[in-house]
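S.K.: Please see the structure below; I have some questions.
Number of protein chains: 2
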Amino acid sequence: MSGKLSIVGLGPGDDRYLTREALDALAEAEALYGYGPYLDRIPPRAGQSRHASDNREEAERARAALGHAASGANVAIASGGDPGVFAMAASVCEEIASGPDSWRVLDVAIVPGITAMLAVAARAGAPLGHDFCALSLSDNLKPWELIERRLDAVAGAGFVIALYNPISRARPWQLGKAFARLARHLPGTTPVIFGRAVGRSDESLRVTTLSDAGETAADMATLIIVGSRETRIIAREGRAPLVYTPRIVEEVIA
Amino acid sequence: MSGKLSIVGLGPGDDRYLTREALDALAEAEALYGYGPYLDRIPPRAGQSRHASDNREEAERARAALGHAASGANVAIASGGDPGVFAMAASVCEEIASGPDSWRVLDVAIVPGITAMLAVAARAGAPLGHDFCALSLSDNLKPWELIERRLDAVAGAGFVIALYNPISRARPWQLGKAFARLARHLPGTTPVIFGRAVGRSDESLRVTTLSDAGETAADMATLIIVGSRETRIIAREGRAPLVYTPRIVEEVIA
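Heads up: the sequence lines are chains A and B, in that order.
With our numbering, letter number 193 in the first sequence gets 183, and the count goes up by one each step, no holes.
With our numbering, letter number 71 in the second sequence gets 61, and the count goes up by one each step, no holes.
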């Protein structure tokens, strides 16, 4: 009996970002695992069981889904955004690495999705048009000193920076400290984008600057993009501005 | 008369990565612009004109599509992968910034897509499971010294690195030099993934190490992911290995 485990990216927001591959993987599954609100986004199907769990129970969810698949079932874990970007795919790999042999021989398929930084960037223009990085501001799983060192490295070298997990009730001061750290390397006029709940009906987008970013509201549903020295803004009458990072690095031309 | 320009991400490969939003934008357009092979992936629709151009003619394509949309038409540019990642969205913004006022007032919509690094990562496991960056190795638009400086910064700070545009006929030596540069910071055992044409019927994936990466074949259709010191490989009997980067940074635990 050979089971299968798919880890499926739903993209952020509603179903507009679902790919055909994701729809197929969800339809084929006998059992769906995931954070409750993600499962709620998937239309019910007869004969398909659902196993909702809390947002923070990633390891437990991974183990439950792996065990279920190892019993011979076709199981899918629904993941917000892309499962490979600060989401379920790494959790599942961690559990396979330390779990029973039966988990290693499973057919594991990861179905990519639109990750939040791509959706927020698309709404704003093309801020990720040049070299960029994605960094989680959560210091639950790595020390804050390492986060600061990484901010120094990428801001100093001219990367655009997407900040995942910028703030939470348990981590209230990290975001402000990150902006202060970035201000050592970047001018106060550097464009900063706050994208909240992009892809949902209550989505919002704010374009501000690094010097004003600390005053801008953010929560767990916010993805922040901090520009580089090259990032610029096109003001448009009657329309939202376009933020973009040119493909050419200006110094070379000058 | 108010036109509209959509810049639509098709994802890599065939139509498995197309989102509903992308399908809708393509279906609504009166005119489609894009690199020929991308347009060939979109089913024909009566009354919709097609304007294929060469891969290198991004600026010309952007100007033609903007001019067409400014005449009042609903125009879409088809982009491989995600339009915001080393693709058409930045080109269009650059042309809007320097173009006539009529281009600034246009309704511009960017539809995100699965970018190559997400598709390659999904095939391999979860190599982007922790902080990572995306870097173009093309020195057409930035000096090689800047690329080396960026490789130093991100490899030294522990980011996983996705290399876009790794090699071409006109840029034959850059990739080997990049691996040599990374070897200053990373052990020879660091996992390196070569994903070619992922999402197409002729896709291939190779998992090797930094010390052997220079001997591994790559071309313009290849996306390379270089792990960090934390990235590891799960060997699996009868199956491809899983490559992943844990969410926890090990030093902290030790």
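All C-beta atoms in this analysis are idealised placements derived from N, C-alpha and C, irrespective of residue type, glycine included.
1. Let me know the secondary structure DSSP gives SER43/B once reduced to three states.
2. Can you grab the Cα-Cα spacing for the pair THR180/B / LEU118/B, in whole Å?
3. With a CB to CB cut of under 8 Å and the five nearest residues on each side skipped, what residues in its chain are close to SER69/A?
4. Whole angstroms are fine: how far does the CA of ASP202/A sit from the CA of LEU16/A?
5. Would ARG10/B and ARG6/A qualify as a contact pair, given that the criterion is a beta-carbon distance under 7 Å?
6. Go ahead and pull the three-state DSSP assignment for GLY103/A.
7. Of all the CB atoms in chain B, is at least one closer than 7 Å to the CB of ALA160/A?
8. For ARG226/B, does the three-state DSSP call read helix, strand or coil?
9. Could you round the C-beta distance between ARG186/B and ALA211/B to whole angstroms and report it? I think they count as a contact, below 8 Å.
10. I want to see whether chain B comes within less than 7 Å of PHE122/A, judged by CB atoms only; does it?
11. Which residue wins for smallest C-alpha separation from ALA116/B, given the options CYS123/A, GLY115/A, VAL98/A?
12. Which residues of chain A have a Cβ atom closer than 7 Å to the Cβ of PRO236/B, listed in chain order?
13. Please state whether the Cβ-Cβ distance between ALA63/B and GLU20/B is less than 7 Å.
14. From LYS167/A to VAL233/B, what distance separates their C-alpha atoms?
15. What would DSSP say about VAL233/A, mapped onto helix, strand or coil?
16. Please state if the CB of ILE151/B and the CB of VAL216/B are separated by a distance shorter than 7 Å.
17. Check for me: the beta strand (DSSP E) holding GLY24/A runs from which residue to which?
18. DSSP state of VAL242/A, grouped into three classes?
19. Can you give me the C-alpha to C-alpha distance between GLU135/A and GLN164/A, rounded to a whole angstrom?
20. Restricting to Cα atoms, I'd like to know which of LEU56/A, ARG113/A, ALA12/A is closest to GLU193/A.
21. Taking the alpha carbon of TYR109/A as the reference point, which residue from THR199/A, PHE184/A, ARG226/A has its own alpha carbon closest?
22. With the cut-off set at 7 Å, would you say ALA60/A and TRP93/A are in Cβ contact?
23. Taking the beta strand (DSSP E) that GLY(-1)/B belongs to, which residues open and close that run?
24. DSSP three-state label for ILE157/A, please.
25. Based on DSSP bridge pairs, tell me the residues matched to ILE183/B.
26. Could one say the Cβ of THR221/B lies closer than 7 Å to chain A's Cβ atoms, at least one of them?
27. Kindly indicate the opening and closing residues of the beta strand (DSSP E) around VAL65/B.
28. Quick one: grab the DSSP three-state call for LEU13/A.
29. What would DSSP say about LEU125/A, mapped onto helix, strand or coil?
30. What's the call for LEU131/A, buried or exposed, on a 16-neighbour Cβ count within 10 Å?
31. Rounded to the nearest angstrom, what separates PHE169/A and ALA106/A at their Cα positions?
32. May I have the straight-line CA-CA distance separating ILE243/B from THR235/B, to the nearest angstrom?
33. Report the neighbours of LEU8/B on chain A: residues whose CB is nearer than 8 Å to its CB, in chain order.
34. Determine whether the Cβ of PRO102/B lies closer than 7 Å to any Cβ atom of chain A.
35. Around the Cβ of GLY228/B, are there at least 16 other Cβ atoms within 10 angstroms (buried) or fewer (exposed)?
M.R.: In short, the structure shows the following:
1. Looking at SER43/B - three-state DSSP - the assignment turns out to be strand.
2. Each residue's Cα considered, the two are about 14 Å apart.
3. The residues are ILE(-3), VAL(-2), GLY(-1), LEU0, GLY24, TYR28, ALA77, MET78, ALA79, GLY103.
4. A straight line joining the alpha-carbon of LEU16/A with that of ASP202/A spans about 42 Å.
5. Less than 7 Å divides the Cβ of ARG10/B from the Cβ of ARG6/A.
6. In this structure, GLY103/A counts as coil in the three-state DSSP scheme.
7. False, the Cβ-Cβ gap to chain B never drops below 7 Å.
8. Three-state result, ARG226/B: strand.
9. Contact holds; Cβ gap of about 5 Å.
10. Closer than 7 Å to some Cβ of chain B, the Cβ of PHE122/A qualifies, so yes.
11. The candidate whose alpha carbon is nearest that of ALA116/B is VAL98/A.
12. By Cβ distance, chain A contributes ALA80, GLU84.
13. Result yes, Cβ atoms of ALA63/B and GLU20/B sit closer than 7 Å.
14. Spanning the two alpha carbons is a distance of roughly 33 Å.
15. The DSSP-derived three-state label of VAL233/A is strand.
16. Against a cut-off of 7 Å, the Cβ pair of ILE151/B and VAL216/B comes out as a contact.
17. That run of the beta strand (DSSP E) goes 21 to 25.
18. Interpretation of VAL242/A is limited by its pLDDT of 42, a score under 50 that renders its predicted location unreliable; no figure is taken from the coordinates.
19. So the alpha carbons of these two residues sit roughly 11 Å apart.
20. Measuring from the Cα of GLU193/A, the nearest candidate turns out to be ARG113/A.
21. Before going further, note that residue 109/A is Ala rather than Tyr in the sequence given. The candidate whose alpha carbon is nearest that of ALA109/A is PHE184/A.
22. Using a Cβ distance threshold of 7 Å, ALA60/A and TRP93/A count as a contacting pair.
23. -6 to -1 is the span of the beta strand (DSSP E), which, as asked, contains GLY(-1)/B.
24. Taken through DSSP and simplified to helix, strand or coil, ILE157/A comes out as coil.
25. DSSP, once it has assigned bridges, lists VAL197/B, ILE215/B as partnering ILE183/B.
26. No, THR221/B does not count as interfacial toward chain A.
27. In the DSSP assignment, VAL65/B falls within the beta strand (DSSP E) that extends over 64 to 69.
28. In the structure shown, LEU13/A sits in a helix (DSSP, three-state: H, G or I).
29. LEU125/A falls in the strand class under three-state DSSP.
30. Answer is exposed; the Cβ neighbour count stays below 16.
31. Those two C-alpha atoms are separated by around 20 Å.
32. The predicted model places ILE243/B with a pLDDT of 36, which falls under 50 and marks its position as unreliable, so this point remains unresolved.
33. Here the neighbours are THR9, ARG10.
34. So, interface residue.
35. GLY228/B comes out exposed.
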